[in-house]
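>
Numbering (this note's numbering), first residue to last: 1 to 229.
In structure tokens, the structure reads:
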């Protein structure tokens with residue numbers, strides 16, 4: 001079998017697990033499993049790879065690369081997982097493989113907490129390959145307007161694509177996707193935390209910072225900006 005998705009599907013079927021059941025074992029969404037099996041997502045994160053191998057009793061090198069035996073040869077369970085951890089560590093030194101994330105619109109972004117687990121393949125405008133290190137709920141947005149365009153320092157111009165990770169932690173200075181209570185769409189801004197006060201700040205100095213409190217939800221953290229020329 002040529003792809004990790006084909007190997008994952010075979011092992012899941014042999015284990016008589018549904019995509020939802022395997023997703024629960026791995027701590028990811030059902031759609032993440034579906035994307036890998038259909039070849040839309042190019043692979044699994046290192047942590048997800050290990051969890052899949054534990055759940056399905058697989059040789060991680062077979063699942064990831066198609067090499068060796070499907071089942072791990074091990075004299076003891078301790079040895080099995082020691083080998084897996086060593087293999088996982090070896091993956092860290094390899095070039096980062098791309099993964100595919102859905103390109104959604106700004107209305108969908110504002111609803112992402114509610115729709116992420118039920119998101120279907122056809123619900124996205126398209127899918128985008130990225131090398132950003134993101135979790136299984138990541139998505140992409142096409143930037144609109146000039147509020148994040150700056151003549152100095154970081155600039156996120158209109159037409160660029162931001163890769164957003166809802167599972168990432170944010171802090172003062174993070175670029176975040178946020179949803180204001182009275183807005184239909186989400187927005188991309190720099191988060192400023194000044195003591196008890198919080199603001200959404202544009203990178204374009206022509207825009208006034210927006211004070212926020214309970215009227216705002218942070219949807220995710222922008223991990224990468226990509227620009228197609």
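Where is the CB? At the ideal position from N, CA and C, for every residue including glycine.
(1) Does residue 209 come out as helix, strand or coil in the three-state DSSP assignment?
(2) Given that a residue counts as buried once 16 or more other Cβ atoms are within 10 Å of its Cβ, and exposed if not, what is residue 211?
(3) For the pair the region 52-59 and the region 20-36, tell me if three or more CB-CB distances fall below 8 Å.
(4) Note down, in chain order, each residue of its chain lying with its Cβ closer than 7 Å to the Cβ of residue 8, except the 5 sequence neighbours on either side.
(5) For the putative contact between residue 130 and residue 163, defined by C-beta atoms under 8 Å, what is the C-beta separation to the nearest angstrom?
(6) On the criterion of 16 or more Cβ atoms from any shown chain inside 10 Å, does residue 181 qualify as buried, or is it exposed?
(7) Where does residue 25 fall in DSSP's three states?
(8) Quick test of your reading: residue 141 and residue 112, contact by CB under 8 Å. State the CB separation rounded to the nearest angstrom.
(9) Buried or exposed for residue 71, going by 16 or more other Cβ atoms inside 10 Å?
(10) Using 10 angstroms around the beta-carbon of residue 95, count the other beta-carbons present and answer buried if the total reaches 16, otherwise exposed.
(11) Classify residue 93 as buried or exposed, calling it buried when 16 or more other Cβ atoms lie within 10 Å of its own Cβ.
(12) Let me make sure I understand the geometry here. Which of 184, 214, 219 has the alpha-carbon closest to that of residue 190?
(13) Of all the options 13, 114, 169, 137, which has the alpha carbon lying nearest to the alpha carbon of residue 234?
(14) Please list the terminal residues of the continuous alpha helix (DSSP H) segment that includes residue 156.
(15) What separation, rounded to the nearest whole angstrom, lies between the Cα atoms of residue 213 and residue 197?
(16) Helix, strand or coil for residue 219 per DSSP?
(17) Can you find the residues in the same chain that come closer than 8 Å, C-beta to C-beta, to residue 227, ignoring five residues on each side of it along the sequence?
(18) By DSSP, does residue 180 sit in helix, in strand, or in coil?
(19) Residue 36 by DSSP, collapsed to three states: which one?
(20) Starting from the Cα of residue 202, find the closest Cα among 67, 128, 145 and give me that residue.
On the basis of the supplied data:
(1) coil
(2) exposed
(3) yes
(4) 36, 37, 52, 63
(5) 5 Å
(6) exposed
(7) The three-state secondary structure of residue 25, taken from DSSP, is helix.
(8) Not a contact, Cβ separation roughly 10 Å.
(9) exposed
(10) Any reading at residue 95 must be qualified, since the residue scores a pLDDT of 48, below 50, and its modelled position is unreliable; the value itself is stated next. Exposed: under 16 other Cβ atoms inside 10 Å.
(11) Here the model assigns residue 93 a pLDDT of 47, short of 50, so the residue's position is not dependable, and the following value carries that caveat. Looking at its Cβ environment, which holds fewer than 16 other Cβ atoms inside 10 Å, residue 93 is exposed.
(12) 219
(13) There is no way to answer for residue 234, as the model of the chain reaches only from 1 to 229.
(14) Segment: none, residue 156 is in no alpha helix (DSSP H) and carries neither H nor E.
(15) CA-CA distance, residue 213 to residue 197, rounds to 8 Å.
(16) strand
(17) 157, 159, 160, 161
(18) strand
(19) helix
(20) 145
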